[in-house]
Amino acid sequence: MKKAAFVLAGVVGLALLVSGCETMGENTKRGAVGGALVGSIAGGVIGHQSGHGVGGALIGAGVGALGGGLVGDGIDAKERKAAAATATTGEKLGMSDVIALSKAGLSDPVIIDKIRATGSVYRLSVEEIELLRNEGVSSAVVNYMLDTGK
């Protein structure tokens, strides 16, 4: 029981450490915390097989946090780059731009921020709404686009 509490305290401490850094993007934080949790469980199970469950959990948490953080940082970097590109051009976003941003994997808040920052206004027809949805644009983004035309 003491070992489980020790592992849990280590994971919670690592999660608090990772989530407390203001310079990290949200995806980096989520990736690090998620990686730490998954890694600690996997490491604990694997380590338990050799009698080193606590050590395995701590190593797994560290490796998982590092891996998850790196993946999340890659996503944050892609979003920052796309945001910078739109911010520098200042051009209004067309439907094809929104579709491209969505297919590039940018999150809804980032796409909506780009629409807002460029002052883009949409008066979408039923066919255009269907096209956006068929191309994978989320309902949240489509609804925001509809609200710009009011």
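Numbered according to the working numbering, the sequence shown terminates at residue 256, and the numbering increases by one at each position without gaps. Quick reminder that beta carbons are idealized off the backbone N, C-alpha and C, glycines included.
Option nearest residue i by Cα separation, candidates the options
i: G170; options: G140, G153 and T254; result: G140
i: E197; options: L164, R222, G178 and P215; result: R222
i: M130; options: L143, D179, D214 and N240; result: D179
i: S244; options: H158, E132, G211 and A167; result: G211
i: L164; options: L143, V248, N240 and T224; result: L143
i: G166; options: G157, V177 and I152; result: I152
i: D253; options: I218, E236, L237 and A206; result: I218
8 Å contact criterion, which residue i and residue j should meet: CB distance rounded
i: G137; j: G175; result: 5 Å
i: V216; j: E185; result: 5 Å
i: G255; j: R239; result: No, G255 and R239 are not in contact; Cβ-Cβ is about 17 Å, not under 8 Å.
Nearest-angstrom Cα separation, counted from residue j out to residue i
i: S146; j: K135; result: 16 Å
i: L172; j: S231; result: 46 Å
i: K187; j: M251; result: 22 Å
i: L199; j: I181; result: 22 Å
i: S226; j: A183; result: 24 Å
Contact under 8 Å by Cβ, residue i with residue j
i: G242; j: K209; result: yes
i: D214; j: V247; result: yes
i: E236; j: M201; result: no
Contact with chain C by residue i, beta-carbon distance below 8 Å
i: G211; result: Of the protein chains in this structure there is only one, and it is not chain C.
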